[in-house]
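Residue numbers (my numbering), protein chains in the order written: chain A, 1 to 288; chain B, 289 to 664; chain C, 665 to 732.
For every residue, glycine included, the Cβ atom is placed at its ideal position computed from N, Cα and C.
Every value quoted in this text rests on a predicted model; they were computed, and no experiment measured them.
For reference, the structure discussed in these notes is given below.
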Ligand SMILES: Cc1ncc(C[n+]2csc(CCOP(=O)(O)OP(=O)(O)O)c2C)c(N)n1
Ligand code: SF4
Ligand code: SF4
Ligand code: SF4
Ligand SMILES: [Mg+2]
């Protein structure tokens, strides 16, 4: 297949591979994901970002809902919480609010975050509580066998849309921004180094940081929509259907049309929930 | 001095006092009549003492956030009523299996559905036990007086922390909104139990270690880095498909309650010594029953009252014993027979007669007295 | 002789236990170093490897790493 992008190719430089074992729980691999599942690529980018951000493992808490993507916490050596379908953000809000010293990362699927957990998603962003939310957007419900999800494109095949999906998909980034998240970004599994940097930036941001990550479910979305395998999906969906925000102004309109933007799409300073509670609510309450 | 601690307050306000006395530092919930005063009270009081209050976007978010708070080591509370209690059920099952201490207050209102929001009921008794799917342990506490809501809320926290399991406090709207003079206990007056934390090295820690009946629970962020899941899991917290381990763990969480019923049960007995007719009742209905029993005694009928303060696990020992001594057990309840069915199940000899009401009106003493007279 | 010593070859470790045979590494290697042998990735042309790490970065299964 075609040229490498997304990776900064460091020619002639001594390259040392990343030591993932530092952050993985021993003897948990191989993971449950299918061959070529994008979730594994995203997991690796997340671990490198956590490393680059210099976080202490004891202070990191990784929380998920239910779904293939939500199995991530079981593999990583942090405080980990695998909750209920759609409820990851609520559990995470509780953990973070109760102990703001923890760095709380939510790992969630497009179904988990945007369908059953959609209301929690909106309100988490609105509060701007300091959570990093990684949405694994594979346009399907992988775990239950490939039903259509809130990000499945119109016309696509799924086990519950045999005549083509008629529901318009959500843009998780637009929704996060409109709801008040102070950091919104998109990445893909294909652009894995860019994704690593985006996640790191999200981790270093104070407030709700949402990263919508487009990745592939070759087993269901791929097969049902006539993709030959994971690589073709990465090429034709993640690479060809996205464009970096850094390049978008330099490209002719026809090269941008119908493509999703990648990179940091929105970043503002906005009061963070736990800090507001401590400085406004607690202080006023104590003075009274 | 003693007068200073005497206060006139509502049941729901007493619940707030009880929670704070027990050391609750985290509340998350969603407003619903007739439980809202608990949220309002916690929102005022918690930030004064460094505690956390958050109003979530729904009841599921409320209990989920409270469970998150509990996992960081804080004693946590959520309160609700009917429809909200229904929404919380999936998370209650999660708390049972993941063994996370939590207190859930359900101020019972008329149902089903939106029902009668401002009307009392006692129709969530079965839901408190069977509301979430799967077999699971259940503890439910049933106070009947404002003072008792305070002390029983403390007991609910104690049981939740001691047995690492969710505990439901159930009382009807009448007791929740009733105002009575109460005494706020001094510090140290009531027993307060804190959760057992591990003292082993992190590498030796198993959050579901079967060498303990109730394994210690480490708070997140203190170096233990363990895994919590709602999937069936091994002692290290990681999912398993091993049927033997699944069964053993499912049985162990049941045993936590089953083997300690004597510690969890609590009954209030009134004039039962020589009673020939007994009344079995909870909450506001038990207050009417007490009055009816007095009336009966004045009329020369040997009546008595058994009032459970723990409805789950069901007080079968006390009821079975009672049923051998009395002719009849009358069960007045604001539902269509949820407790009467249980009383029937464990009664040996006595006839069981229910008094049921689902019109949003309380069961009055006269109604109970009429029944007592039938068995004299 | 001197040439070979100058051009030290990288070491590519493929963990056959972890490799699930998705062929992502093979498909995206810019210099065609890798190939599929059955259901496992394998090295075909080590000398062509530029140590770019793309195979490792995109492998979903922690199954391939390239050491200098
Ligand atoms: C309350 C509830 N409803 C439904 C399910 C079944 N279920 C499990 S995972 C899932 C969808 C997961 O999709 P997504 O979040 O996109 O994750 P993916 O598997 O695609 O990574 C569903 C519907 C469930 N576990 N709980
Ligand atoms: S079903 Fe899809 S999302 Fe789930 S593991 Fe397989 S490829 Fe990944
Ligand atoms: S490091 Fe780069 S060149 Fe070498 S095998 Fe991997 S992808 Fe190919
Ligand atoms: S990308 Fe990884 S799992 Fe896939 S074939 Fe290559 S080494 Fe194997
Ligand atoms: Mg999905």
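(request) Take the Cβ of residue 302 (chain B) as the centre, count every other Cβ of all protein chains shown within 10 Å, and call the residue buried at 16 or more, exposed below. (result) buried
(request) From the DSSP output, read off the bridge partner residues of residue 408 (chain B). (result) B:397
(message) On the DSSP letters alone, give me the boundaries of the alpha helix (DSSP H) that residue 382 (chain B) sits inside.
(response) 377-386
(message) Pull the bridge partners of residue 313 (chain B) from the DSSP assignment, please.
(response) According to DSSP, which records beta bridges pairwise, residue 313 (chain B) is partnered with nothing at all.
(message) With three or more C-beta pairs closer than 8 Å as the rule, is the segment 685-704 of chain C touching the segment 231-248 of chain A?
(response) yes
(message) Using a Cβ-Cβ cutoff of less than 6 Å, which residues in the same chain neighbour residue 312 (chain B) once the five nearest sequence positions on both sides are dropped?
(response) 363 and 365
(message) Between A:164, A:145 and A:146, which has its C-alpha nearest residue 154 (chain A)'s C-alpha?
(response) A:164
(request) Determine the chain A residues that contact residue 473 (chain B) at a beta-carbon separation under 8 Å, and present them in chain order. (result) Per Cβ cutoff of 8 Å: no residues; residue 473 (chain B) is ~23 Å from chain A at best.
(message) Since residue 104 (chain A) and residue 210 (chain A) should fall inside the 8 Å C-beta cutoff, what is the C-beta to C-beta distance between them, to a whole number of angstroms?
(response) Wrong, their Cβ atoms sit about 13 Å apart, outside the cutoff.
(message) Let's see if you can read the secondary structure: which residues bound the beta strand (DSSP E) around residue 295 (chain B)?
(response) 294-298
(message) Between the alpha carbons of residue 148 (chain A) and residue 344 (chain B), how many angstroms are there, rounded?
(response) 29 Å
(request) Run the proximity test for residue 592 (chain B): is its beta-carbon closer than 7 Å to any non-hydrogen atom belonging to ligand 1? (result) no
(request) Pull up the distance between the alpha-carbon of residue 429 (chain B) and that of residue 318 (chain B), whole angstroms please. (result) 21 Å
(message) Just to confirm, is the Cβ distance from residue 143 (chain A) to residue 66 (chain A) under 8 Å?
(response) yes
(message) Which residue wins for smallest C-alpha separation from residue 714 (chain C), given the options A:16, A:42 and A:39?
(response) A:16
(message) Once DSSP output is grouped into helix, strand and coil, what is the label at residue 234 (chain A)?
(response) helix
(message) Which residues of the segment 224-254 of chain A have a Cβ closer than 9 Å to any Cβ of chain C? Give them in chain order.
(response) 229, 230, 231, 232, 234 and 235
(request) Identify every residue that forms a DSSP beta bridge with residue 364 (chain B). (result) B:314
(message) Assuming the contact rule is C-beta atoms closer than 8 Å, residue 373 (chain B) and residue 79 (chain A) should be a hit. Round their C-beta distance to whole Å, please.
(response) Rounded, the Cβ-Cβ distance is 29 Å, inconsistent with contact.
(message) So the candidates are B:412, B:576 and B:543; which of them puts its Cα closest to the Cα of residue 653 (chain B)?
(response) B:576
(message) Output needed in chain order: residues of the segment 176-196 of chain A with a Cβ under 9 Å from some Cβ in chain C.
(response) 189, 190, 192, 193 and 196
(request) Tell me, to the nearest whole angstrom, how far the beta carbon of residue 357 (chain B) is from that of residue 98 (chain A); I am working on the premise that it is less than 8 Å. (result) 4 Å
(message) Among the candidates A:109, A:253, A:135 and A:88, whose CA atom is the shortest distance from the CA of residue 352 (chain B)?
(response) A:88
(message) On the criterion of 16 or more Cβ atoms from any shown chain inside 10 Å, does residue 488 (chain B) qualify as buried, or is it exposed?
(response) exposed
(message) Below 7 Å, is the gap between the Cβ of residue 212 (chain A) and the nearest heavy atom of ligand 5?
(response) no
(request) Since I believe residue 354 (chain B) is in contact with residue 314 (chain B) (beta carbons under 8 Å), could you give me their beta-carbon distance rounded to a whole number of angstroms? (result) 6 Å
(message) With a threshold of 8 Å between beta carbons, is residue 290 (chain B) in contact with chain A?
(response) Bear in mind that a pLDDT of 49 at residue 290 (chain B), under 50, signals an unreliable position, so the number given afterwards is only what the model happens to contain. By this cut-off, residue 290 (chain B) is not an interface position.
(message) Could you compute how far the alpha carbon of residue 124 (chain A) sits from the alpha carbon of residue 706 (chain C)?
(response) 45 Å
(message) Closer than 7 Å to a non-hydrogen atom of ligand 4 - does that hold for the CB of residue 215 (chain A)?
(response) no
(message) With a threshold of 7 Å (Cβ to nearest heavy atom), would residue 140 (chain A) be considered close to ligand 5?
(response) yes
(request) For residue 346 (chain B), go through chain A and note every residue whose CB falls closer than 7 Å to its CB, in chain order. (result) 119
(message) Please confirm whether residue 685 (chain C) has its beta-carbon closer than 8 Å to some beta-carbon of chain A.
(response) yes
(message) Using a 10 Å radius around the Cβ and a threshold of 16 neighbouring Cβ atoms, would you call residue 696 (chain C) buried or exposed?
(response) exposed
(request) Would you check if the segment 589-598 of chain B and the segment 552-564 of chain B touch, i.e. whether three or more CB-CB distances between them fall below 8 Å? (result) yes
(request) Can you give me the start and stop residues for the beta strand (DSSP E) that residue 701 (chain C) sits inside? (result) 698-701
(message) Between residue 720 (chain C) and chain A, is the shortest Cβ-Cβ distance under 8 Å, so that the two count as touching?
(response) yes
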